[in-house]
Structure formats: C-alpha cells, structure tokens
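A.B. asks: Dropping the structure in here first, questions after.
Quick look at the structure:
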C-alpha cells in the first residue's frame, strides 16, 4: 500500500489510488465469483460494475429488492444473478417478511431464474418485530422461516442465511440476552433447519462467527450441506486478522470447497449524493460518485490483500466497531489489523471460483 495525497476517508484511510492498487495486485489467479452483494440503482450499478471488473470479478450474486431487479440487470446483464430477498422498502414490513416474502420468492424464481433464497435472521429482526409481534418470525426455525424454506424446496432452490452478527455487537448492542438470546443459542434453530432442509445452505459472513473457527469447524463437520461465504469485509477481516494466520490458513485448507468468496458490497443510488437524512441503512457511507467508487473498491482491495498477500498492518477501512467496544481507545477513523494470509494458487482458485462453481453452479445446472 502506497499512500498518496488523496483525502483520507473511512473507505480510504491511507489515501490510496485504488486503480493503481488494483493494477499492483494484477488479475486474480482466476476470475472471481462474488456470491454475496447488494446491488441497486442504475448509476450505482454502473460504478460498481466498473469496480468489480477492475478487481477481476466475473460474476455476481446480488440481493436486490424485487422492484429494483430490472434496473440492475439492464446494467450488468448476464454477469449478475439474483438471490430471492425480502422487500425491505415495503412500508408494510409485517407482510413483507411473511406472505410478501413468499410471493417474492415465487417471482424471483419464475421471472428472474433465481436458484437461491435468503433467510435474513440478524438479531436486528428482534428489534423490528419485538415481543409478540415476532413470535412467528424471529427464530430461524419459526413458522414463516419454515414456510419460506418449504417454498424454496418446492421450487428447487438452495438457501443463504444471515444467522448472527459480530461479537462486538453482542458485547454492546445485543447485551440483553433476554431480548436477543446469546450468540450460541441462535445456532440451535439453524442446526435444526440444516437437518430439516437438505439442500445446500451458504451461511453468510463466515457463518456469522469468524471470531471462532473452532465453532465453525464443528458446524461444518456436523452438516455436510453447510457452506460459508467470506462476506462482510470489515467484520471478517477484523475477526480473521485477530487470529494467527497459520490457524486461518489451516481452516481454509481443511474446508477447501466449503468456503466461498463473498464481499457484501452494498451499492445504492443514495451513495451518489449528500443525504439530508439517512434514507436507508449505509446511505451515509458515500456522498458522490467518486466516494461510491472508493467505497466499493475498498472492499475488493481489502479482501484480495488479505487472501493473496503477506501484508501485516492496519486496514485501509475505518472500523467503528472498535469504538463500540473501547470508546476511550478508538475513534471513527480507527482500523483493525489486516493480516495477509498469502494463500497459494490452488487455494485461491478454489476460494475465488471453484467453491462457487462446485455448489451454486452445479445447483443451477442440475435443478
């Protein structure tokens, strides 16, 4: 990383020229399949498209809300595929996450060829549907979750799931276990769903627990239909950077073919202009086309740096989670340690493309 005179921002703490850094990295050993993005909007899709090509990403799976699918497809064509996802923008959230989601699954499959549906089960769901309002929804094996998976089973779809959030959040925002349960407890229902629905499951964000590779090792050992993706760049790079590189490399080697590349890049039109008020989650991460470019580029640059190089230093991305836990030590521009894993060619080929082709690609070809 060679700092230059560009202004420092949360997505670019070192003032890097991400185009130059992409050239320095060179093409990846194989074109990358990114199985976890959230792409929306015409102009933001164009900017994202430029970024992903710059870093060697050939195909993308996006959780685009149903009303926005056509705009993204118009920009990205056959290089984007869509994961069935609730319409979070629907003002009737009670319907959107229940019958509305079942209806959306049908449309995603019939009209857009989707072969994956996403179960979003972040603990934040318990804030959206507190108490009795969420009894039939917030547990991962609750009534409406089962209905969604049954619909997917009937339509020949596999599953993606967001099951848990960072340890930093459980230490702060989710401290009340009476409301949010403990982190370990939320996996009990997930393991029941893995047994009940035998199609492949991709557990996002390194299974929701990149801080504990031993726990993930047990999950993967018990459930042959479970896969992980590497998405949520800040979280995953922070969690893996806090562990010995040898242990992380050993885990990836042991579970080669079961860990799939994902970034969790969110691209939206709100990133292209200053916002008078926060109109959607993460709308305030960029405020111009140039800032949006750097935001999206920072994620691919950081992931490729972690997987391909032996860099050991601070991340170029600011990480506010550090301040959540230790506000007296960190501020909003502080960053976690980024430790390069220096994976070899064979490991990179499997992580970047082979694993995705082996599970998702095979599912698409045969179902």
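Numbering (this note's numbering), first residue to last: -15 to 351.
Don't be surprised by glycine CBs; every beta carbon is placed ideally from N, CA and C.
What you are looking at is a predicted structure, and each value in this text was computed from that prediction instead of being measured.
Buried or exposed: which applies to residue 28, given that a residue is buried once 16 or more other Cβ atoms fall within 10 Å of its Cβ?
C.D. replies: Taking the first residue of the chain shown as 1, we reach residue 28 at position 44. Result: buried.
A.B. asks: Would you call the stretch -6 to 2 in contact with the stretch 240 to 251, where contact means no fewer than 3 C-beta pairs closer than 8 Å?
C.D. replies: Cβ pair count under 8 Å is below three, so no.
A.B. asks: Inspect the beta-carbon positions of residue 221 and residue 189 and report whether they are closer than 7 Å.
C.D. replies: Working through the chain shown from its first residue, we reach residue 221 at position 237. Working through the chain shown from its first residue, we reach residue 189 at position 205. For residue 221 and residue 189, no; Cβs fall outside 7 Å.
A.B. asks: Can you tell me which of the three DSSP states residue 297 falls into?
C.D. replies: Within the chain shown, the letter at position 313 stands for residue 297. Three-state result, residue 297: strand.
A.B. asks: Name the two residues that bound the continuous beta strand (DSSP E) containing residue 21.
C.D. replies: Walking along the chain shown from the start, residue 21 turns up at place 37. Looking at the DSSP string, the run of the beta strand (DSSP E) that includes residue 21 is 16 to 23.
A.B. asks: Can you tell which of 242, 226 and 207 has the C-alpha that lies nearest to the C-alpha of residue 341?
C.D. replies: Position 357 of the chain shown, counted from the first residue, corresponds to residue 341. Per the Cα distances, 242.
A.B. asks: Between the C-alpha atoms of residue 53 and residue 30, what's the straight-line distance to the nearest angstrom?
C.D. replies: In the chain shown, residue 53 corresponds to position 69, counting from 1. In the chain shown, residue 30 corresponds to position 46, counting from 1. Their backbone Cα atoms lie some 14 Å apart in a straight line.
A.B. asks: What does residue 185 pair with, by DSSP beta-bridge criteria?
C.D. replies: Within the chain shown, numbered from 1, the residue matching residue 185 stands at position 201. According to DSSP, which records beta bridges pairwise, residue 185 is partnered with 143 and 210.
A.B. asks: Taking the Cβ atom as the reference point for each residue, do residue 14 and residue 336 lie within a distance shorter than 7 Å?
C.D. replies: Against the chain shown, residue 14 aligns to sequence position 30. Against the chain shown, residue 336 aligns to sequence position 352. Yes, they are a contact pair.
A.B. asks: Expressed to the nearest angstrom, what Euclidean distance is found between the alpha-carbon atoms of residue -10 and residue -4?
C.D. replies: For this step, residue -10 is matched to residue 6 along the chain shown. For this step, residue -4 is matched to residue 12 along the chain shown. Whole-angstrom Cα-Cα distance: 9 Å.
A.B. asks: Between residue 5 and residue 285, how many whole angstroms is the CB-CB distance? I'm expecting something under 8 Å.
C.D. replies: Counted from its first residue, the chain shown places residue 5 at position 21. Counted from its first residue, the chain shown places residue 285 at position 301. With 8 Å as the limit, residue 5 and residue 285 qualify as a contact, their Cβ atoms being about 5 Å apart.
A.B. asks: How long is the line joining the alpha carbons of residue 114 and residue 296, rounded to whole angstroms?
C.D. replies: The residue given as residue 114 occupies position 130 in the chain shown. The residue given as residue 296 occupies position 312 in the chain shown. C-alpha separation (whole angstroms): 42 Å.
A.B. asks: Since residue 251 sits in a beta bridge, which residues does DSSP pair it with?
C.D. replies: Start at 1 with the first residue of the chain shown, and residue 251 comes out as number 267. Its beta-bridge partners are 23.
A.B. asks: Please identify the residue among 313, 7 and 40 whose C-alpha is closest to the C-alpha of residue 18.
C.D. replies: Numbered from its first residue, the chain shown carries residue 18 at position 34. Minimum Cα distance to residue 18 is reached at 40.
A.B. asks: Taking buried to mean at least 16 other C-beta atoms within 10 Å of its own C-beta, is residue 168 buried or exposed?
C.D. replies: Mapped onto the chain shown, residue 168 falls at position 184. Residue 168 comes out exposed.
A.B. asks: Considering only their Cβ atoms, is the gap separating residue 185 from residue 146 smaller than 7 Å?
C.D. replies: Locating residue 146 in the chain shown gives position 162, where the first residue counts as 1. Locating residue 185 in the chain shown gives position 201, where the first residue counts as 1. Cβ distance not < 7 Å, so residue 146 and residue 185 don't count as in contact.
A.B. asks: Roughly how many whole angstroms lie between the Cα atoms of residue 69 and residue 202?
C.D. replies: Here residue 69 is taken as the residue at index 85 of the chain shown, counted from 1. Here residue 202 is taken as the residue at index 218 of the chain shown, counted from 1. Distance between the alpha carbons of residue 69 and residue 202 is about 28 Å.
A.B. asks: Curious, which full-length alpha helix (DSSP H) runs of at least 4 residues does the stretch 40 to 85 contain?
C.D. replies: Whole alpha helix (DSSP H) segments, 4+ residues: 53 to 60 and 77 to 80.
A.B. asks: Give the list of continuous alpha helix (DSSP H) stretches no shorter than 4 residues that lie fully inside the stretch 302 to 326.
C.D. replies: As far as the stretch 302 to 326 is concerned, its whole alpha helix (DSSP H) runs of at least 4 residues are 305 to 309.
A.B. asks: Okay, do the stretch 227 to 237 and the stretch 193 to 200 touch, 3+ Cβ pairs below 8 Å being the bar?
C.D. replies: Result yes; three or more Cβ-Cβ pairs closer than 8 Å.
A.B. asks: Which residue comes first and which comes last in the alpha helix (DSSP H) that contains residue 128?
C.D. replies: For this step, residue 128 is matched to residue 144 along the chain shown. Per DSSP, residue 128 belongs to the alpha helix (DSSP H) from 127 to 138.
A.B. asks: Determine contact between the stretch 58 to 73 and the stretch 107 to 125, defined as no fewer than three beta-carbon pairs at a distance below 8 Å.
C.D. replies: At 8 Å Cβ cutoff, the stretches do not touch.
A.B. asks: Could you tell me if residue 46 is buried or exposed, where buried requires 16 or more neighbouring beta carbons within 10 angstroms of its beta carbon?
C.D. replies: Position 62 of the chain shown, counted from the first residue, corresponds to residue 46. Result: buried.
A.B. asks: Using only CA atoms, which one of 255, 267, 107 and 153 lies nearest to residue 275?
C.D. replies: Residue mapping note: residue 275 aligns to position 291 of the chain shown, counting from 1. Closest option to residue 275, Cα to Cα, is 255.
A.B. asks: According to DSSP, what are the bridge partners of residue 102?
C.D. replies: Residue numbering aside, residue 102 sits at position 118 when the chain shown is read from its first letter. 144.
A.B. asks: Between which residues of its own chain and residue 325 is the CB-CB distance below 7 Å, once the five residues before and five after are set aside?
C.D. replies: Here the question's residue 325 lines up with position 341 in the chain shown. Around residue 325: 229, 232, 233, 290 and 291.
A.B. asks: Quick one: residues in its chain with C-beta nearer than 7 Å to the C-beta of residue 35, no 5 flanking neighbours on either side, listed in chain order?
C.D. replies: The sequence position of residue 35 within the chain shown is 51, counting from 1. Counting only Cβ-Cβ distances below 7 Å, and skipping sequence neighbours, we find 277, 280, 281 and 284.
A.B. asks: Could you say if the stretch 158 to 165 and the stretch 300 to 314 meet the contact criterion of at least three C-beta pairs nearer than 8 Å?
C.D. replies: With a cut-off of 8 Å, the stretch 300 to 314 and the stretch 158 to 165 do not count as touching, because too few Cβ pairs lie within range.
A.B. asks: With a 10 Å radius around its C-beta and 16 neighbouring C-beta atoms as the bar for buried, classify residue 259 as buried or exposed.
C.D. replies: What you label residue 259 is simply residue 275 of the chain shown in a count that begins at 1. Per the 10 Å Cβ criterion, exposed.
A.B. asks: Can you have a look at residue 21 and say buried or exposed, based on whether 16 or more other CB atoms are within 10 angstroms of its CB?
C.D. replies: Within the chain shown, the letter at position 37 stands for residue 21. Buried: at least 16 other Cβ atoms inside 10 Å.
A.B. asks: As a quick exercise: from 166, 181, 244 and 76, pick the residue whose alpha carbon is nearest that of residue 138.
C.D. replies: For the purposes of this step, residue 138 is taken as residue 154 along the chain shown, with counting starting at 1. Of the candidates 166, 181, 244 and 76, the one whose C-alpha sits nearest the C-alpha of residue 138 is 181.
A.B. asks: Measuring alpha carbon to alpha carbon, tell me which of 124, 96, 94 and 100 ends up nearest residue 107.
C.D. replies: Along the chain shown, read from residue 1 onward, the residue named residue 107 stands at position 123. Among 124, 96, 94 and 100, the Cα nearest to that of residue 107 belongs to 124.
A.B. asks: Count the other C-beta atoms from every protein chain shown that fall within 10 angstroms of the C-beta of residue 187, then say buried if there are 16 or more, exposed otherwise.
C.D. replies: Residue 187 sits at position 203 when you count from the first residue of the chain shown. Buried.
A.B. asks: Work out the CA separation of residue 267 and residue 51 for me, nearest whole Å.
C.D. replies: Stepping through the chain shown from its first residue, residue 51 is reached at position 67. Stepping through the chain shown from its first residue, residue 267 is reached at position 283. Rounded to whole angstroms, residue 51 to residue 267 spans 18 Å at the Cα level.
A.B. asks: Determine the contact status of residue 323 and residue 9, defining contact as a CB-CB distance below 7 Å.
C.D. replies: Looking up residue 323 in the chain shown gives position 339. Looking up residue 9 in the chain shown gives position 25. Contact: no.
A.B. asks: Classify residue 350 as helix, strand or coil using the three-state DSSP reduction.
C.D. replies: Position 366 of the chain shown, counted from the first residue, corresponds to residue 350. If DSSP states are grouped into helix, strand and coil, residue 350 belongs with the helices.
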